[in-house]
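Undergrad: If you count by UniProt numbering, then the sequence shown holds residues 1 to 500, one letter each, in order.
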Amino acid sequence: MVRASSRTSAGKPPGFYKESRLATINNEANSSGRHAKDEQAPKDFVRYPPRPTLPLSQSYADFKEWQPPPPPPRPAKKTWPTPAEPITQPNDPAIPVGWTCEDPDLDPYDFNAQIARCDDRIANRILPDVFRIKKKALEARKAEMDAVIEAEKASPSLNRKIIMRLRQLEEMERQIAAKGEDKHALGANIKALIRAYRSGELGWHLGLVTYWSYGKQLCQPRPFHYFEFLEINGEAKGHCGFWVEGLFGMEPLPQMVCQTQEVFPPPGEWLRDMYMTVRSPYNQPAEWQFMFTEDTGSSVTTMYDFDMEILGHPVLLLPPMLCAIQLINAGGGTGVLTVLRAVEVNMRADNTGQLMTAWDWIPVGVYDTASTSWPWPPRLSGPYPRYKLYMGSCPDGTGRSWFFNQKRGFNDVIPTIANVQQALRPDVPGTTPMWTAYGQTVPKQAIRTQPGWINTPGATVPIGRAKEAPPLVPVAPNPYHPMMRQPPPPQQLRLPADGA
């Protein structure tokens with residue numbers, strides 16, 4: 001692969017990188033920005049590793065001292081003894097204890113290794129027909145990818161990762177053309193990225209991003225840092241036409257919604273709803289409470305386009321734009337082009353009204369309400385709550401979930417049900433709101449009067465305020481921040497700025 005680091009900034013014409021502020025943004029405070037430096041970030045905000053120290057015109061991919069974030073470790077390969085006779089029934093007691101048809105030790109995109117493993121499994125004679133079917137599907141997927149790679153063979157700078165990324169970018173370009181409008185000014189950045197990848201000027205470097213504005217590249221590959229992003233985005237007026245390339249991977253993200261069927265009785269009866277506190281990085285201290293559907297299968301939080309306008313009120317400045325991605329729902333098919341914006345989130349305790357953790361940033365997919373008719377899908381909570389707080393539930397007939405910031409909440413907050421065998425199915429009409437309280441939980445009157453709610457002897461439901469205010473949790477990792485999964489850049493990478 002021809003990496004972006006193979007070119008030098010000296011080869012660029014004057015003015016290629018923004019000279020007004022971006023060239024020196026690492027060395028001085030941005031007086032117009034919300035945070036002058038990350039060291040002076042609000043005390044109630046999560047502390048991130050140090051920001052990148054190299055000038056924007058130098059690539060971190062040039063330096064061997066910089067290491068990309070290590071991939072998560074894969075489990076070891078499991079083996080099972082080969083039976084004397086083939087096992088063809090999944091309920092056969094001869095199947096070894098712990099046997100599974102999954103192979104988590106393999107890269108899911110390494111089709112050659114996956115196909116070879118199917119051959120091994122067939123030879124192992126445990127449910128061989130399952131692996132014959134799986135092998136056939138993998139061979140079809142491999143043939144499709146091989147055809148795409150063969151078509152791009154004329155470009156020696158393209159490897160499999162870049163080809164996958166090009167396919168996604170070109171699909172986004174087709175969707176914008178089919179829509180007939182580009183109100184977020186995505187097209188110029190997408191075209192510029194396609195040209196840069198095809199020419200070999202831009203490579204795919206795990207853990208590094210590049211910033212783009214209206215088709216113009218603003219920096220060489222560098223680690224993402226939230227406060228640096230805010231400064232660059234603000235200088236580029238990045239509420240529109242801005243793009244962070246490399247932050248969200250090469251392929252569409254799965255948005256596996258937990259409610260895929262028509263809800264009956266009336267919509268929303270069985271959805272688990274919760275409140276999250278949201279604010280715009282550019283409009284503080286204003287914060288807003290929005291109701292979300294708690295969804296353990298969504299890759300990103302989703303909100304409506306008019307929510308972004310509310311967050312920007314009264315200065316009418318939308319939250320900063322990150323990029324666009326494709327979200328694939330549980331039904332599969334072509335990914336839906338979705339704009340991502342950066343917002344800051346928290347949750348407030350029901351019993352004290354205090355913030356339950358430190359503020360942190362997340363990307364939100366913005367749902368375009370103008371393109372579809374009512375009813376719109378609900379806002380989805382995304383992975384944020386379960387990465388930042390404890391959460392639990394119990395079979396009390398309410399369908400509730402609880403979030404709390406101390407481990408003892410499992411005993412102090414969640415009701416104890418004496419006999420789970422008598423737990424009711426979720427078929428009783430009535431809304432099932434989600435409670436985020438630490439201390440006070442299910443209201444007493446609700447337990448006494450609502451039909452179907454379990455109140456058997458032994459069911460403990462603590463009522464009352466917490467003895468102490470919930471403490472901040474300043475170190476919980478942000479699943480979207482790649483720098484949280486790697487050590488800070490080595491100190492020796494601190495080089496003089498251009499011209500120094």
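C-beta atoms are modelled at their ideal positions from N, C-alpha and C, and glycine is treated no differently.
Cutting at 8 Å between CB atoms, please list the residues of its own chain near residue 173, excluding the five before and the five after it.
TA: Reading the sequence shown from its first residue, position 173 is the one you call residue 173. Excluding residues within five positions, the ones whose Cβ falls inside 8 Å are 187, 190, 191, 194.
Undergrad: Assess contact between the region 208-215 and the region 229-246, defined as three or more Cβ pairs (one per stretch) separated by less than 8 Å. Is contact present?
TA: The region 208-215 vs the region 229-246: in contact.
Undergrad: How long is the line joining the alpha carbons of residue 93 and residue 121, rounded to whole angstroms?
TA: Reading the sequence shown from its first residue, position 93 is the one you call residue 93. Reading the sequence shown from its first residue, position 121 is the one you call residue 121. Approximately 18 Å, taken between the alpha carbons.
Undergrad: Using C-beta distances below 7 Å, list every residue in its chain close to residue 45, excluding the 5 sequence neighbours before and after it, in chain order.
TA: Residue mapping note: residue 45 aligns to position 45 of the sequence shown, counting from 1. Hits under 7 Å: 358, 359.
Undergrad: When burial is assigned at 16 or more other CB atoms within 10 Å of the CB, is residue 165 buried or exposed?
TA: Residue numbering aside, residue 165 sits at position 165 when the sequence shown is read from its first letter. By the 10 Å Cβ count, residue 165 comes out buried.
Undergrad: At which residues does the beta strand (DSSP E) containing residue 392 begin and terminate?
TA: Here residue 392 refers to the residue found at position 392 when the sequence shown is read from its first residue. Per DSSP, residue 392 belongs to the beta strand (DSSP E) from 390-393.
Undergrad: Taking residue 358 as part of the alpha helix (DSSP H), name the residues at either end of that continuous run.
TA: Taking the first residue of the sequence shown as 1, we reach residue 358 at position 358. Where residue 358 is concerned, there is no enclosing alpha helix (DSSP H), given that its DSSP letter is neither H nor E.
Undergrad: Assuming residue 61 contacts residue 239 (C-beta within less than 8 Å), just tell me the rounded distance between them.
TA: Here the question's residue 61 lines up with position 61 in the sequence shown. Here the question's residue 239 lines up with position 239 in the sequence shown. About 29 Å separates the two Cβ atoms, so there is no contact after all.
Undergrad: Is residue 318 closer than 9 Å to residue 341 when the C-beta atoms are compared?
TA: Position 341 of the sequence shown, counted from the start, is the residue given in the question as residue 341. Position 318 of the sequence shown, counted from the start, is the residue given in the question as residue 318. Cβ distance < 9 Å, so residue 341 and residue 318 count as in contact.
Undergrad: Rounded C-beta distance between residue 400 and residue 225? I'm assuming under 8 Å.
TA: One-based indexing of the sequence shown puts residue 400 at position 400. One-based indexing of the sequence shown puts residue 225 at position 225. Residue 400 to residue 225, Cβ: 38 Å. No contact.
Undergrad: Here's a check: name, in chain order, each residue in its chain whose Cβ is nearer than 8 Å to the Cβ of residue 313, leaving out the five neighbours to either side.
TA: Within the sequence shown, the letter at position 313 stands for residue 313. Counting only Cβ-Cβ distances below 8 Å, and skipping sequence neighbours, we find 283, 286.
Undergrad: Determine whether the beta carbon atoms of residue 370 and residue 184 lie at a separation below 9 Å.
TA: Locating residue 370 in the sequence shown gives position 370, counting from the first residue. Locating residue 184 in the sequence shown gives position 184, counting from the first residue. Cβ atoms of residue 370 and residue 184: not closer than 9 Å.
Undergrad: DSSP has residue 321 in a bridge; who is on the other side?
TA: Residue 321 sits at position 321 when you count from the first residue of the sequence shown. Paired residue(s): 341.
Undergrad: Suppose only complete runs of 3+ residues qualify. What are the beta strand (DSSP E) ranges in the region 161-247, listed by chain order?
TA: As far as the region 161-247 is concerned, its whole beta strand (DSSP E) runs of at least 3 residues are 210-213, 242-245.
Undergrad: Return helix, strand or coil for residue 346, following the three-state DSSP convention.
TA: As a first step, residue 346 must be located in the sequence shown, where it is residue number 346. Three-state result, residue 346: strand.
Undergrad: Kindly indicate the opening and closing residues of the beta strand (DSSP E) around residue 45.
TA: To locate residue 45, count along the sequence shown from 1; it is residue 45. Unbroken run through residue 45: none, as it is neither H nor E.
Undergrad: Do residue 339 and residue 365 come within 9 Å of each other at the CB atom, strictly closer than that value?
TA: Along the sequence shown, one-based indexing puts residue 365 at 365. Along the sequence shown, one-based indexing puts residue 339 at 339. Yes, the Cβ-Cβ distance between residue 365 and residue 339 is below 9 Å.
Undergrad: Considering only the alpha carbon of each residue, which of 202, 235, 133 lies closest to residue 163?
TA: Here the question's residue 163 lines up with position 163 in the sequence shown. The shortest C-alpha separation from residue 163 is found at 202.
Undergrad: From this set, 353, 350, 230, 352, which residue's C-alpha is nearest residue 322's C-alpha?
TA: Taking the first residue of the sequence shown as position 1, residue 322 is located at position 322. Residue 322 has its Cα closest to that of 230, out of 353, 350, 230, 352.
Undergrad: So is residue 207 buried or exposed if we call it buried at 16+ other beta carbons inside 10 Å?
TA: By one-based count along the sequence shown, residue 207 stands at place 207. Buried.
Undergrad: Would DSSP call residue 332 helix, strand or coil?
TA: What you label residue 332 is simply residue 332 of the sequence shown in a count that begins at 1. Since pLDDT at residue 332 reaches only 46, below the 50 mark, its modelled position is unreliable, and the value read off the structure follows with that caveat. Reduced to three states, the DSSP call for residue 332 is coil.
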